[in-house]
Amino acid sequence: MNNIPDQITASLINPQIEDWNSFNDFRDGLADNAPKIESLLAELKRSPDDGAKITSLFRLFHNIKGDAGLCRLNFVIPLVHGVETLLSRMRAGEVALTDFLGDVILLTLDRLEQCIAMLAEGQNVSALALPALADGLNALSQQEPQLINAAAARLIEAVTGFKPSAARMAARHQPEMERSIAETHQDLRFFRELSLQLDQRSPLYQGRTTRKLELALATNLAAGNRVDPQQLEAAVYLHDIGMMFLPESMWLKTEKLSDEARQQMARHPAWSAEWANRIAGWQDAAQMILQHHEQINGSGYPNGLTANEICDGAKILALVDAFDAILLRHSHRGQQKSTLRAIAEINAGDRQFAADWIAAFNRVIRTQLEAGHRA
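Next up, the structure:
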């Protein structure tokens, strides 16, 4: 049963922007505060009883909530309010910072940043599961101290589909694991920055990263989050980084490539995958990247893998990558016509794409088209 009113739930499902100038001001403020929050959390995990740092963290979230109110972004407030209440209890010495509680705070910040980025691009944010996060934060903020760590783990699983390691339930202080949580978010922030730089190479690529991320996460969610969402997110950001090592005249072309150009292009998955593989913790993302141009009939590259040899993350990435490329190729037809053409081509490619993932992808696109008609 929900703990937050239906009106608030509705605002989280379909956030409204009343004033875009105020929205941009809020986005700039959040971009300034987010790195400070991540840094403070990393420090607090090393010294969880540092009252001054807890107070500083509380003030940062309080400022975000205040800014949201001033900018009339009311959907932000229930997300931040739960974190603010937890930090108030920490300041009072009633609640201790646990592994999973720290992860929940980082998750809230990450989802808020993703939400703002998607709204700026006019994208649907339903895949972020914001109502579930707000509801869970509200319940967690009222939880008995001894039950908070387990409740936080359940909240992480409910929102992301990822079940945290049971081994971490028993101990508060595991420095290597704790550092990895902060590093994960820092890595994702860096990966996203790289991907956005790639988007700047051509006006045709504007919004490309956000579109692909939304579709990939939503498709994964539609299939029950069979792929680790964070690994998938990293793969979306990095899968085309290797293209930057090819001549722009080659990868910005929309017409058919020569045989020589295709051979060169076929090298970019390995370059991109190796980039991810050399950073600890992103080996699953590296596999998705390496395989995202493989096809289930064995005709893809670089290794000619067949259906059962290709990981699920790569199958998702292949779909969203192809869909976006088709949209680009037919953009002159208008958004609605190009979307219908793209989904038709995807469904005709049953020898290229996995049927179960096409079905999940179709559900996502159908939802988007229906939402567009209602708007």
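Numbering (UniProt numbering), first residue to last: 1 to 375.
Virtual Cβ for every residue (Gly too), placed ideally from N, Cα, C.
Bear in mind the structure is a predicted one, so any value in this text is a computation, not a measurement.
What residue does the alpha helix (DSSP H) around residue i start on, and which one ends it?
i	result
L57	G51 to L70
N21	W20 to R46
D237	Strictly speaking, residue 237 in this sequence is Tyr, with Asp absent from that position. Residues P229 to L238.
I77	V76 to R91
I241	Unbroken run through I241: none, as it is neither H nor E.
P131	L130 to S141
Q291	Q283 to Q291
residue 382	Beyond the ends of the chain as shown, which are 1 and 375, falls residue 382; an answer cannot be given.
E274	H268 to N277
E157	I148 to T160
Q264	D259 to M265
Mapping DSSP to helix, strand and coil, what is residue i?
i	result
N297	strand
T98	coil
M177	Unreliable positioning characterises M177 in this predicted model, as indicated by a pLDDT of 44, which lies under 50. The coordinate reading is nonetheless provided below. Correct three-state label for M177: helix.
M169	Per-residue confidence for M169 stands at a pLDDT of 45, beneath the threshold of 50, marking its modelled position as unreliable; no derived number is given.
Q206	coil
P15	coil
F191	helix
E345	helix
C311	coil
V125	coil
N225	coil
R201	coil
P247	coil
Q368	helix
R328	Per the sequence presented here, residue 328 reads as Leu, with Arg not at that position. It is helical.
Q186	helix
P145	helix
F353	coil
F361	helix
A216	helix
L73	coil
A318	helix
A120	helix
Going by the CB atoms, is the gap between residue j and residue i shorter than 7 Å?
i	j	result
A234	F191	yes
D103	I148	no
A216	I316	yes
L44	L97	yes
Q352	Q283	no
T219	A360	yes
G304	H293	no
I326	A344	no
G29	E121	no
M90	T210	no
S202	G242	no
L128	Q114	yes
K53	L70	no
V95	P145	yes
I116	R27	yes
Starting from the Cα of residue i, find the closest Cα among the options and give me that residue.
i	options	result
I64	L109, V227 and G93	L109
V364	L213, G51, L112 and G349	L213
Q263	P302, K53, R59 and P145	P302
Q287	R351, L238 and D259	L238
A132	C115, G242, Q295 and L79	L79
Q291	I326, L232 and R341	L232
P35	L106, G51, I8 and N21	L106
E183	E38, G69 and Q142	E38
A266	E144, I279, P48 and M250	M250
M244	L130, V83 and S195	S195
L221	Q142, G313 and A92	G313
A158	L140, Q146 and G136	G136
L198	A120, L246, I310 and R91	L246
A322	R278, I54, T306 and D350	D350
A318	F26, W357, G82 and M90	W357
I17	G66, R46, R72 and K53	R72
T160	Q114, N225, A117 and S141	N225
A42	I8, A280, Q186 and L112	Q186
N308	E193, Q200 and A355	A355
G93	V320, D50, S126 and A134	D50
A223	N362, A371 and I181	N362
With a cut-off of 7 Å, does the C-beta of residue i fall near any C-beta of chain D?
i	result
F58	As a matter of chain content, chain D is missing from the structure shown, which is built from one protein chain.
Give me the Cβ distance between residue i and residue j, rounded to the nearest whole Å; I'm assuming they're in contact under 8 Å.
i	j	result
H268	D240	7 Å
Q368	N124	6 Å
L60	N24	Between N24 and L60 the Cβ distance is about 20 Å, and since that is not below 8 Å, they are no contact.
N74	S11	6 Å
E84	F100	About 18 Å; that fails the 8 Å criterion.
G66	L140	22 Å between Cβ atoms; not a contact.
Q143	L188	Contact flag wrong, Cβ pair sits at about 28 Å.
A285	A276	5 Å
L204	L328	6 Å
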